[in-house]
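Undergrad:
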Amino acid sequence: MSLPILRMQGICKSYGPGIIAADDVSFSVDAGEIHALAGENGAGKTTLMKILFGMEKAQRGEIFINEKPVVMADPNIAMAHGIGMVHQHFMLVDDLTVAENVSLGIEPKRHGLFDREAARELVRTLAERFDMPVDPDAFIRDLSVANKQKVEILKVLARRADIIILDEPTAVLTPQETKRFFEQLTALRKAGRTIIVITHKLPEIKAICDRITIMRKGRTVGTYDVASISEQEISRLMIGSDPLPEPILESIDPGPVLLSMHDVSCLSPSGKSALRGITFEVRGGELLGVVGVEGNGQRELVDILTGRKTAYAGSVQLAGDSLQGLSIARIRRHGLSFIPEDRMKDGVDLDGSLVDNATAAIRDDRQFNIGPFQSDRKLDAYAKRLAERYEVRHESLREPIRHLSGGNMQKVVCGREISACKTVLIADQPTRGVDVGSVRTIHDHIELLRQHGKAILLISSDLSEIRTLCRRAIVLHQGEIVAHIDDLAAYTEEELGLYMLGLKRQRTTEAGS
Amino acid sequence: MTMREFLQLFATPEFYAMILQLATPLVFAALAALVSNKAGVLNIGIEGAMVSAALAAALFSTLTGSAMLGVLAGVFAGILMGLFFAFCTVRLRTNHILVGIATNILAAGLSVFVVYAITGNKSDYPGIAMTPWNVPLLKDIPLIGEVFFTEVNPLVYLAIVAVFAVRFLFRRTVLGVRILAVGKNEAAAASVGISTDRVKTIALLIAGGLAGFGGAYLSLGYMSSFNTGMVAGRGFIGIAAEAIGAGNPVATALFAVLFGAVNAFSLAAQTFPSFTIPYELLNTLPYLTTTAGLVIYSVIRYRKLHPRLAKKEIKQ
Chain B
2 MSLPILRMQG ICKSYGPGII AADDVSFSVD AGEIHALAGE NGAGKTTLMK ILFGMEKAQR
62 GEIFINEKPV VMADPNIAMA HGIGMVHQHF MLVDDLTVAE NVSLGIEPKR HGLFDREAAR
122 ELVRTLAERF DMPVDPDAFI RDLSVANKQK VEILKVLARR ADIIILDEPT AVLTPQETKR
182 FFEQLTALRK AGRTIIVITH KLPEIKAICD RITIMRKGRT VGTYDVASIS EQEISRLMIG
242 SDPLPEPILE SIDPGPVLLS MHDVSCLSPS GKSALRGITF EVRGGELLGV VGVEGNGQRE
302 LVDILTGRKT AYAGSVQLAG DSLQGLSIAR IRRHGLSFIP EDRMKDGVDL DGSLVDNATA
362 AIRDDRQFNI GPFQSDRKLD AYAKRLAERY EVRHESLREP IRHLSGGNMQ KVVCGREISA
422 CKTVLIADQP TRGVDVGSVR TIHDHIELLR QHGKAILLIS SDLSEIRTLC RRAIVLHQGE
482 IVAHIDDLAA YTEEELGLYM LGLKRQRTTE AGS
Chain X
144 MTMREFLQLF ATPEFYAMIL QLATPLVFAA LAALVSNKAG VLNIGIEGAM VSAALAAALF
204 STLTGSAMLG VLAGVFAGIL MGLFFAFCTV RLRTNHILVG IATNILAAGL SVFVVYAITG
264 NKSDYPGIAM TPWNVPLLKD IPLIGEVFFT EVNPLVYLAI VAVFAVRFLF RRTVLGVRIL
324 AVGKNEAAAA SVGISTDRVK TIALLIAGGL AGFGGAYLSL GYMSSFNTGM VAGRGFIGIA
384 AEAIGAGNPV ATALFAVLFG AVNAFSLAAQ TFPSFTIPYE LLNTLPYLTT TAGLVIYSVI
444 RYRKLHPRLA KKEIKQ
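Sequence order for the protein chains is B and X.
First residue of the first sequence? That's 2 in the numbering used here, and the numbers climb one at a time after it.
First residue of the second sequence? That's 144 in the numbering used here, and the numbers climb one at a time after it.
Okay, here's the thing in C-alpha cells:
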C-alpha cells in the first residue's frame, strides 16, 4: 500500500460562534484514484476543499502532501504543490480567448512580451494529450458549458496539477456530456492524475469513483471503497437516516389556462436572439417543467414572465390578461409568485429579519393591518407559522436572514412565494444548493400548490427534479422550444439529452408558429 | 458667419494645427480613462490628476529652468494622483466615484492655494513653454507639412505614440492581458494567483501618468503658464470619448480628436467679424458635442439591444 498523496488531519473551521463548517475533519487520498467527496449541501465539502486549495484558512489542522506538512496560505502555494481546483462557478474571463484564459497567470513570454503562439500551442498540446479538443482562439463567451469546463480542466493541467479538485462538475452538463466527461476523467486517471470529485449524485459516484469519503454536518462519516458500498448505504450515511419515499404524482383535472405565451421572441442584453417563437400554456393544477442546458433562454423566459424584461415581441397572458406594459407590482397583484434563481441576489434582503423577508409578499394585504398601520403582531404570527410549516431552523424571528443557512433561507423564499401565490408560480431553480431534507419540504409544498389548482412553471437544471415533479415539459435549446413533452416518464434521460443538445427536435406541428 | 468664412476656415492649415493642439490633452485623458476602465475602475479623478500635473509642470519648469523637467514633474504629479486614487480604491476599498470627486476637489483647491502662496495672486503661475519642433524636409510638404511638422509640440507626437503604445499594451504584453482579466472577471484572475490589487494599482499609475502628460501639455505646450480652471473638464471629455470609443484605443483617440475639432471650431468662430453669437455660448460647444455624442452612442446601443425598435431583426 502506497502512502497517501494527500492527507488532511484534524481540520477545524468555524465562521463565527455556532457556525461550524468543519469539525475535526480528516481526509486522505491515494495517488492515481478518483475519490468522491460526498455529502449534503452544507456538510462542509466545499469548505474543506477551499481550505486545501488555500482559499480559506482553517483554525486548526494540518495538511500533508506526500507526507510533508504544507501550510496552504494562498492558492499560489496550493498550485505550487500540484493542486488544481475547478470551481463550481467557472473562473473564466468571457472576453478573452481560450489560450489567454488557460495561460492566465503563467503566461509564456518571448522577449518579455506575451507569447500568444506559445499559449495557443500549450492549449493544443494539452487538448490533444488529454483528448479534450477545444479551439484555442475561441472566445470563452462563445463556448458551451461543457467546453468551458474543458477549458477549466486544461487550465488546471497547464499548471501541472497532480491533484485535481472538481466541485460539482456535472451539475451543468447534459447526460451525454456527462458520459463524455467521465471518459475524460478516466483518461486523466490513467495519465497518473489524482482526482477529487465533490458531488452528491450517487450514480456518478458508483460509475467512476474508486473510493468515497462521506461528510455530514462538518464531520467525516467515513471513507469507503465504492465497490463495497451500495447507493442506499451512501445515501443513508449522507443524510443520517433512510431517505423518504418519493412523492406520488397525483393527477387532478386540469383547470382553465392560467399562463400562456404566444409566439414570444426577444433579444439578450448583448443583442443576440435569446428567445424565438415561444408558445406554450399551463393550466390550473398543472406543473410544466422547462428543461434545457443553462443559458438557452431560461433567464429571458423568466424575466419576461415576471415583468423584469419588458422588451419582447408576442403575447404573454396571465389568467387571460396580457402582461404587456404591466409593472412588476401589477403582475404580482395579478396573482403571480416567483421563486428567483439566485436567492442571495433576488430572493431575500440579507440584512432584513426573518419576518421582513417572510412577509414581503403580503405587505399589501389589509388583513395584517390594525387601522392604517401594519401590525407587528400579525406579521410575526404569519412569519412564525410559515417558519413552522417549512421547517425553517432559526434562532429568532428578528435575526438578519443572512445568518440562516442556504437551505433555510431558500425555504423562507419558497414559503413566502408559495403561500402568497394566487394563480401562477414561477419556480426558477427552487432547490439549487439546498440539502436533501429541504428539497423534500420544498417539493411537497410545490406539489400541494398544484393540487390546489394553481399553475406552476418549474425551471430547473436538475433533470431528475423535473422528472420527479412534472408530467409535462418543454425543452429549450438556443431560445427555441425543440420539444413539447406530454408524458415525461415515457422518455429516458438520454432522449431528453438529445433534445437539450439540439441534436434532435420535434416537428413543430403543435408549436403554432 | 457667412458661408464663405466658414469654408475659408476649413481651408486654413492653422485651423487643423489648432485641432491637433486641442485634441492632444483630450487624447491623453481618454487613454487614461481607457486604461483605468480596462482594469475595471471608472476613474473620474483624471480631471484632478490633470490639474495637479499642469501646476506641477509649470512650477518645476520655472524652478529648474527646463521645460523638459517641468513635463517630467507633471507626469510624476499625475502618477502620484493615480497612486492616491489607487490607495483609496484598491487598498482601502473606498467607492471609486467618491474618491474621484474628492481627488478633483482636492486638486482644484490645492492648486489655488499653491499658486496664491507662491505668487500672491490666485489664478496664474507662469511656466516655461516647451520648444516646438520643426521637422526638416517634411515641413515643406504643402498643408500636411504645415499642420503636422511645423512648430509642433513634441507632446503632440507623444500623444499619437501613446495611442499605439496602449494598443500594444493590451495586445502584446502580459500585463495588458492581466489588466483585461482583472477588469472583466476579478475572481477568475485571483483564482489563478494573480494579485488583482497590484494589477489594478499599476493600471491606475499608468492612467495617472497619461493624465499627467495631458496636464503638462496644457501648461507648457498649449499655453505657457498655469491658470486655475485651465483643464476645464477635459478629463471628463476624455472619459466620454473613451465611452464612445468602446474600449478601442484608436477609436477612442479619434473621438477625442473630434471633440478637439469642435473645440477648435468654437474658438476660431469667435474671430469672425460677422459673427453675432455670444462667445460664452460658443464656448459651450465642446461640452454640448460631448453630451450629444454620448446620447447618440446610447441610442445606437439601445437600438441594437431593444427588440421593439428592431422587431424585424428577430422575426427572421
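All C-beta atoms in this analysis are idealised placements derived from N, C-alpha and C, irrespective of residue type, glycine included.
Between residue 334 of chain X and chain B, is any beta-carbon pair separated by less than 7 angstroms?
TA: For the purposes of this step, residue 334 of chain X is taken as the residue at position 191 of the second sequence. Judged by the 7 angstroms Cβ criterion, residue 334 of chain X is in contact with chain B.
Undergrad: In the DSSP assignment, find the beta strand (DSSP E) that holds residue 415 of chain B and state where it starts and stops.
TA: Translated into positions along the first sequence, residue 415 of chain B becomes position 414. Residue 415 of chain B -> not in any beta strand (DSSP E); alpha helix (DSSP H) instead, spanning 407-421.
Undergrad: Which ranges would you report for the alpha helix (DSSP H) in the segment 172-243 of chain B if only whole runs of at least 4 residues count?
TA: The segment 172-243 of chain B contains these whole alpha helix (DSSP H) runs: 176-191, 203-209 and 232-240.
Undergrad: What number of angstroms, rounded off, separates the C-alpha of residue 243 of chain X from the C-alpha of residue 185 of chain X?
TA: Position 100 of the second sequence, counted from the first residue, corresponds to residue 243 of chain X. Position 42 of the second sequence, counted from the first residue, corresponds to residue 185 of chain X. Answer to the nearest angstrom: the Cα atoms are 9 angstroms apart.
Undergrad: Please report how far the alpha carbon of residue 268 of chain B lies from the alpha carbon of residue 372 of chain B, in whole angstroms.
TA: The residue given as residue 268 of chain B occupies position 267 in the first sequence. The residue given as residue 372 of chain B occupies position 371 in the first sequence. Cα to Cα, the separation comes out at about 47 angstroms.
Undergrad: Compare the C-beta of residue 153 of chain B with all C-beta atoms of chain X and state if any pair is closer than 7 angstroms.
TA: Here the question's residue 153 of chain B lines up with position 152 in the first sequence. Chain X contact via Cβ: absent.
Undergrad: What in chain X is Cβ-close to residue 263 of chain B, meaning under 9 angstroms?
TA: On the first sequence, position 262 is the one that residue 263 of chain B refers to. Near residue 263 of chain B there are no residues of chain X at all, since even the closest Cβ is about 14 angstroms away, more than 9 angstroms.
Undergrad: In chain B, what lies closer than 8 angstroms to residue 327 of chain X by C-beta?
TA: Mapped onto the second sequence, residue 327 of chain X falls at position 184. Correct list: 94, 95, 96 and 97.
Undergrad: Along the chain, where does the alpha helix (DSSP H) that runs through residue 211 of chain X open and close?
TA: Sequence index remark: in the second sequence, residue 211 of chain X carries index 68 (1-based). Residues 210-229.
Undergrad: Going by Cα to Cα distance, which pick from B/303, B/86, B/127 and B/414 is closest to residue 358 of chain B?
TA: Translated into positions along the first sequence, residue 358 of chain B becomes position 357. When only C-alpha atoms are compared, the closest one is B/414.
Undergrad: Can you tell me the Cβ-Cβ gap for residue 218 of chain X and residue 196 of chain X, rounded? I've got them flagged as a contact below 8 angstroms.
TA: For the purposes of this step, residue 218 of chain X is taken as residue 75 along the second sequence, with counting starting at 1. For the purposes of this step, residue 196 of chain X is taken as residue 53 along the second sequence, with counting starting at 1. Their Cβ separation, rounded to whole angstroms, is 7 angstroms, which keeps residue 218 of chain X and residue 196 of chain X in contact under 8 angstroms.
Undergrad: Please state if the CB of residue 297 of chain B and the CB of residue 430 of chain B are separated by a distance shorter than 7 angstroms.
TA: Residue numbering aside, residue 430 of chain B sits at position 429 when the first sequence is read from its first letter. Residue numbering aside, residue 297 of chain B sits at position 296 when the first sequence is read from its first letter. In this structure, residue 297 of chain B does not lie closer than 7 angstroms to residue 430 of chain B by Cβ.
Undergrad: Exposed or buried, which one is residue 419 of chain B when buried takes at least 16 other CB atoms within 10 Å?
TA: Indexing the first sequence from 1 puts residue 419 of chain B at position 418. Flag for residue 419 of chain B reads buried.
Undergrad: Can you name, in chain order, every residue of its own chain whose Cβ lies under 6 angstroms from the Cβ of residue 192 of chain X, other than the five neighbours on each side?
TA: As a position in the second sequence, residue 192 of chain X is number 49, starting the count at 1. 221, 224, 351 and 354.
Undergrad: Using the rule of at least 16 other Cβ atoms within 10 Å of the residue's Cβ for burial, across every protein chain shown, is residue 246 of chain X buried or exposed?
TA: For this step, residue 246 of chain X is matched to residue 103 along the second sequence. Residue 246 of chain X is buried by the Cβ-count criterion.
Undergrad: Where does the unbroken alpha helix (DSSP H) through residue 307 of chain X begin, and where does it stop?
TA: Position 164 of the second sequence, counting from 1, holds the residue named residue 307 of chain X. Counting along the chain, the alpha helix (DSSP H) containing residue 307 of chain X begins and ends at 297-315.
Undergrad: Please list, in chain order, the residues of the segment 115-147 of chain B that have any C-beta partner in chain X closer than 7 angstroms.
TA: Listed by position, the residues of the segment 115-147 of chain B near chain X (Cβ gap below 7 angstroms) are 115.
Undergrad: Decide if the segment 294-302 of chain X is in contact with the segment 41-52 of chain B; the criterion is three or more beta carbon pairs, one per stretch, under 8 angstroms apart.
TA: No contact exists between the segment 294-302 of chain X and the segment 41-52 of chain B.
Undergrad: When the Cβ atoms of the segment 103-116 of chain B are set against those of the segment 164-175 of chain B, are three or more pairs found closer than 8 angstroms?
TA: The answer is no - the segment 164-175 of chain B does not touch the segment 103-116 of chain B, with fewer than three Cβ pairs under 8 angstroms.
Undergrad: Tell me, please, whether the CB atom of residue 344 of chain X is closer than 7 angstroms to any CB atom in chain B?
TA: Walking along the second sequence from the start, residue 344 of chain X turns up at place 201. Not closer than 7 angstroms to any Cβ of chain B, the Cβ of residue 344 of chain X fails to qualify, so no.
Undergrad: Within 10 angstroms of its Cβ, does residue 4 of chain B collect 16 or more other Cβ (buried), or is it exposed?
TA: On the first sequence, position 3 is the one that residue 4 of chain B refers to. Exposed is the call here.
Undergrad: If you pair each beta-carbon of the segment 274-284 of chain B with each one of the segment 332-351 of chain B, do three or more pairs fall below 8 angstroms?
TA: No, because fewer than three Cβ pairs between the segment 274-284 of chain B and the segment 332-351 of chain B fall closer than 8 angstroms, the two stretches do not touch.
Undergrad: Please tell me whether residue 341 of chain X has its Cβ less than 7 angstroms away from any Cβ of chain B.
TA: Start at 1 with the first residue of the second sequence, and residue 341 of chain X comes out as number 198. It does not: the Cβ of residue 341 of chain X has no partner Cβ on chain B nearer than 7 angstroms.
Undergrad: Along chain X, in chain order, which residues have C-beta atoms closer than 7 angstroms to that of residue 80 of chain B?
TA: Reading the first sequence from its first residue, position 79 is the one you call residue 80 of chain B. Chain X residues near residue 80 of chain B: 336.
Undergrad: Please go through the same chain and pick out, in chain order, the residues whose beta-carbon is closer than 8 angstroms to the beta-carbon of residue 320 of chain X, but skip the five residues on each side of it.
TA: Within the second sequence, the letter at position 177 stands for residue 320 of chain X. Answer for residue 320 of chain X: 313, listed in chain order.
Undergrad: What is the rounded straight-line gap between the Cα of residue 437 of chain B and the Cα of residue 151 of chain B?
TA: Start at 1 with the first residue of the first sequence, and residue 437 of chain B comes out as number 436. Start at 1 with the first residue of the first sequence, and residue 151 of chain B comes out as number 150. Residue 437 of chain B and residue 151 of chain B: Cα-Cα distance of roughly 29 angstroms.
Undergrad: Run through chain B and tell me which residues come within less than 9 angstroms of residue 184 of chain X, C-beta to C-beta.
TA: For the purposes of this step, residue 184 of chain X is taken as the residue at position 41 of the second sequence. Result: empty, since nearest Cβ-Cβ is about 16 angstroms, beyond 9 angstroms.
Undergrad: Taking only three categories from DSSP, how would you classify residue 414 of chain X?
TA: Your numbering for residue 414 of chain X matches position 271 in the second sequence. The answer is coil: DSSP assigns residue 414 of chain X none of H, G, I, E or B.
Undergrad: Can a CB atom of chain X be found closer than 7 angstroms to the CB of residue 1 of chain B?
TA: The structure shown does not extend to residue 1 of chain B, since chain B is modelled only from 2 to 514, so the question has no answer here.
Undergrad: So which residues of chain B does residue 330 of chain X contact, with C-beta pairs closer than 7 angstroms?
TA: Counting from 1 along the second sequence, the entry for residue 330 of chain X is found at position 187. Per Cβ cutoff of 7 angstroms: 92.
Undergrad: Is residue 302 of chain X close to chain B, meaning its C-beta is less than 7 angstroms from at least one C-beta of that chain?
TA: Taking the first residue of the second sequence as 1, we reach residue 302 of chain X at position 159. Taking Cβ atoms only, chain B never reaches closer than 7 angstroms to residue 302 of chain X, which makes this a no.
Undergrad: What's the C-alpha gap between residue 346 of chain B and residue 353 of chain B?
TA: Against the first sequence, residue 346 of chain B aligns to sequence position 345. Against the first sequence, residue 353 of chain B aligns to sequence position 352. For residue 346 of chain B and residue 353 of chain B, the distance between alpha carbons rounds to 13 angstroms.
Undergrad: If you reduce the DSSP assignment to three classes, tell me which class residue 505 of chain B lands in.
TA: Here the question's residue 505 of chain B lines up with position 504 in the first sequence. Residue 505 of chain B falls in the coil class under three-state DSSP.
Undergrad: Identify which residue in X/182, X/364 and X/214 has its Cα closest to the Cα of residue 272 of chain X.
TA: Position 129 of the second sequence, counted from the start, is the residue given in the question as residue 272 of chain X. Closest by alpha carbon: X/364.
Undergrad: Contact criterion: CB-CB distance below 7 angstroms. Does residue 105 of chain B meet it with respect to chain X?
TA: Here residue 105 of chain B is taken as the residue at index 104 of the first sequence, counted from 1. It does; some Cβ of chain X falls within 7 angstroms.
Undergrad: How about residue 394 of chain B and residue 370 of chain B: are their beta carbons less than 7 angstroms apart?
TA: Within the first sequence, numbered from 1, the residue matching residue 394 of chain B stands at position 393. Within the first sequence, numbered from 1, the residue matching residue 370 of chain B stands at position 369. No, Cβ-Cβ distance for residue 394 of chain B and residue 370 of chain B is not below 7 angstroms.
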